[in-house]
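Throughout the sequence shown, residue numbering follows our numbering, covering 1498 to 1986 in sequence.
These notes concern the structure reproduced below.
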Amino acid sequence: MKMNITAKFHISILMSILLVFNASAISQTTNVPLGHRVYEFIERMESKQAFSDVSARSLPMSRNEVSLFLAGADSNKKSFSSTELDILEQLKGEFHEELSKLSVKTSKQHHEKHLLRWREGEHQTYIDFDFAQRFDVKRGDQFEKPERTSHTTMGGIIRGKLGSYLNFYVHAQNRLDRGTGITHENFDPRQGAPLTISGKNVFSDESWAYLTLANAWFQAEFGRDQLKWGPGQRGSLMLSRENPPFEMLKLKLRFNRFQFTSFHGALHTGDIAKYLAGHRLDIKLFRWMFLGGAEAVVYGNRDVEWSYLNPIMPYHVAEHHLGDKDNNTMSFDMTLFPKRNHKIYFELFLDDFTTAENPFTYYGNKFGIITGHQWINPLGLTDTELCMEYTRIEPYVYTHKDSVNTYLNYNQSIGHWLGPNSDDLFISFSWLLSRDLTIVLSGEKIRHGEGDIFTPHTVDDGVRKKFLSETNQNSWSFGMNIRDQLFRD
């Protein structure tokens, strides 16, 4: 069996880490999936200034990192409402093993139950069943008739540790969609995620599977997972939670005021080799101010570049020394907590940029911005939240003259779902009626101009750009989302 250079490198790095860390230094930790409700709770509590931590803008967090947040919230819960306390107690019950190491008391009646639990000495395994049901109804002038779709997801989760060294996580799920209008099967990553058809049923599957090892300040991960970077709630400019999972080697260094994350991964784009590398530094400048800076590079149609495997190498420099033929991007973000219950954030994403030309008219200046404000309990309304977020993405962002370097994975944007030459204004109001029941009302205005992520700039386009030129979408949409936890978990 042949093994390519990427696999050899990743395995050699993982084995080196295993040799460096002794058994007493390793602690059990796997990641908390991006869809977990704990992230919404962390954002809410962080805005209430119940705690202050550097890792909230580089997701996913490990279970140990989440437990630090919950411990901080538990020690500052005097201002919590009864609903917030109920949510905290449930989350503490789910992370009670990690919290016990931090001397945080938890109620046994809130401890999470598992479908199966196996423990033998230092080995332990948890097995759980995964089920979700979603119905969507869309009405509007853009639809010939109301669209009604059903999405049923079923799967299983296995996580645990083997001895003192190895932690593992496997989550596999299958989704049944009805009413989508999809009629063709797909097994070509260049056309999107795999799909199978059976009558009117459309089936798709997905999995997350990785190994980790860590101590208090270091974590290494090898396998298939997702990443989300930046403070945006509606979307992210560099790495979005909507980006499908991909195989990667990820390293994370965490200290009190600093966190450094680096990864190198393989993207899915058919028969051509395609890779994504990135690193991010998060800094807690003050209790009320966080700064973040990141680089990413997409490259392909050749072997792995050792310069991009170097976790601390500036990719902008590396790309120039490799012939200036790859898709290098940068982002900078700032999150402020000016007063209790308020969070203000801003992110700037640079695809290509030159200070010698006008940023708003020269085609080569490709950038995006996100700015937002989260207000907890606006006007004194307990258990509510008001969020406002604006996103602007200039023409040609995420595109590249070489199609293999387009910012895509499974034919889907790695960055913001909005795409180039677009902007989005999103407003939402949520109300926690109880621990289990949440209602979210939202309004959104989306504008799209000509072009998309598949259409790079050409000579015929000239050197000038015009934002929202030939606007082909200008729409408001309104929605209501009701979520109810019928039973625990």
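For each residue, glycine too, the CB sits at the ideal point set by N, CA and C.
Could you work out which residue in the options is closest to residue i when comparing CA atoms only?
i: GLN1756; options: THR1649, ARG1645, PRO1643 and PHE1787; result: PHE1787
i: HIS1620; options: HIS1954, GLU1595 and ASN1664; result: ASN1664
i: TYR1887; options: PRO1643, LEU1612 and SER1733; result: SER1733
i: ASP1674; options: SER1661, ASP1550, LEU1692 and TYR1666; result: LEU1692
i: LEU1883; options: ALA1711, ILE1943, ASN1906 and PHE1926; result: PHE1926
i: ASN1824; options: TYR1859, ALA1815 and THR1832; result: ALA1815
i: HIS1681; options: GLY1689, ALA1713 and ILE1694; result: ILE1694
i: LEU1596; options: LYS1574, ASP1899, ASP1685 and LEU1565; result: LEU1565
i: GLY1820; options: THR1832, PRO1835, LEU1750 and TYR1796; result: TYR1796
i: GLY1727; options: ASN1862, ASN1573 and HIS1913; result: HIS1913
i: GLY1618; options: LEU1659, SER1555 and LEU1599; result: LEU1659
i: SER1737; options: ILE1624, LYS1725 and ARG1754; result: LYS1725
i: SER1966; options: VAL1956, PHE1857, ASN1908 and THR1881; result: PHE1857
i: ARG1784; options: SER1544, ARG1777 and PHE1538; result: SER1544
i: THR1650; options: ASN1698, PHE1684, TRP1615 and LEU1613; result: ASN1698
i: GLN1716; options: LYS1822, PHE1760 and GLY1689; result: PHE1760
i: GLY1689; options: ASP1921, LEU1613, ASN1908 and LYS1747; result: ASN1908
i: LEU1710; options: GLU1703, GLU1718 and SER1704; result: GLU1718
If I'm right that residue i touches residue j with Cβ under 8 angstroms, what's the distance once you round it to whole angstroms?
i: SER1604; j: GLY1590; result: 7 angstroms
i: TYR1805; j: GLU1792; result: With 8 angstroms as the limit, TYR1805 and GLU1792 do not qualify as a contact, their Cβ atoms being about 10 angstroms apart.
i: PHE1626; j: GLY1657; result: Their Cβ separation, rounded to whole angstroms, is 16 angstroms, which puts PHE1626 and GLY1657 out of contact at 8 angstroms.
i: HIS1945; j: THR1968; result: 7 angstroms
i: PRO1892; j: GLY1948; result: 6 angstroms
i: THR1646; j: ASP1633; result: 5 angstroms
i: ILE1890; j: SER1919; result: 5 angstroms
i: ARG1687; j: SER1552; result: Contact flag wrong, Cβ pair sits at about 35 angstroms.
i: ILE1936; j: SER1972; result: Their Cβ separation, rounded to whole angstroms, is 23 angstroms, which puts ILE1936 and SER1972 out of contact at 8 angstroms.
i: ARG1799; j: ALA1774; result: With 8 angstroms as the limit, ARG1799 and ALA1774 do not qualify as a contact, their Cβ atoms being about 14 angstroms apart.
i: SER1828; j: MET1885; result: The Cβ separation is near 21 angstroms, so there is no contact.
i: SER1939; j: PHE1923; result: 7 angstroms
i: ASN1906; j: PHE1743; result: 6 angstroms
i: GLY1729; j: GLU1540; result: 11 angstroms between Cβ atoms; not a contact.
Tell me the rounded alpha-carbon separation between residue i and residue j.
i: LEU1764; j: GLN1670; result: 20 angstroms
i: ARG1534; j: HIS1818; result: 43 angstroms
i: VAL1479; j: THR1903; result: One cannot answer for residue 1479 here, as it falls past the ends of the chain, which runs 1498 to 1986.
i: GLY1569; j: LEU1582; result: 13 angstroms
i: ALA1520; j: TYR1662; result: Residue placement at ALA1520 is flagged as unreliable, the pLDDT there being 42, under the threshold of 50; a coordinate-derived value is accordingly withheld.
i: ASP1779; j: MET1558; result: 13 angstroms
i: TYR1859; j: LEU1847; result: 14 angstroms
i: GLY1678; j: HIS1648; result: 13 angstroms
i: ARG1672; j: ASN1712; result: 36 angstroms
i: ALA1547; j: GLY1676; result: 44 angstroms
i: VAL1794; j: ASP1849; result: 12 angstroms
i: LYS1836; j: LEU1876; result: 14 angstroms
i: PRO1917; j: VAL1894; result: 5 angstroms
i: PHE1951; j: PHE1577; result: 47 angstroms
i: GLU1594; j: HIS1611; result: 13 angstroms
i: ASP1571; j: ASN1561; result: 15 angstroms
i: LEU1983; j: HIS1607; result: 16 angstroms
i: GLY1762; j: VAL1801; result: 10 angstroms
i: ARG1554; j: PRO1643; result: 37 angstroms
i: TYR1623; j: VAL1667; result: 10 angstroms
i: ASN1740; j: GLU1854; result: 32 angstroms
i: TYR1707; j: ASP1957; result: 46 angstroms
i: PHE1964; j: GLY1865; result: 12 angstroms
i: LEU1599; j: GLY1789; result: 28 angstroms
i: LYS1575; j: ALA1629; result: 34 angstroms
i: LYS1602; j: ASP1830; result: 36 angstroms
i: ASP1981; j: SER1549; result: 29 angstroms
**Request:** Taking only runs that begin and end inside the region 1879 to 1944, name each unbroken beta strand (DSSP E) of 3 or more residues, in chain order.
**Result:** 1881 to 1890 and 1919 to 1929
**Prompt:** Where are the beta strand (DSSP E) runs, 3 residues long or more, that stay fully inside the region 1613 to 1638, in chain order?
**Reply:** 1613 to 1617 and 1620 to 1635
**Message:** Would the region 1571 to 1587 count as touching the region 1929 to 1946 if we require 3 or more Cβ pairs under 8 angstroms?
**Reply:** yes
**Message:** Taking contact to mean 3 or more Cβ pairs, one atom from each stretch, closer than 8 angstroms, check whether the region 1862 to 1878 and the region 1837 to 1851 are in contact.
**Reply:** yes
**Request:** Could you name each continuous alpha helix (DSSP H) segment of 4 residues or more that falls completely within the region 1728 to 1803, going from the start of the chain to the end?
**Result:** none
**Request:** Could you tell me which uninterrupted alpha helix (DSSP H) segments, each at least 4 residues in length, are contained entirely in the region 1547 to 1601, listed from first to last along the chain?
**Result:** 1560 to 1571, 1579 to 1591 and 1593 to 1597
**Message:** Could you tell me which whole alpha helix (DSSP H) segments of length 4 or greater appear in the region 1643 to 1718?
**Reply:** none
**Request:** Please specify which runs of the beta strand (DSSP E), each continuous and at least 3 residues long, are wholly inside the region 1814 to 1874, giving them in chain order.
**Result:** 1824 to 1833, 1839 to 1849 and 1863 to 1873
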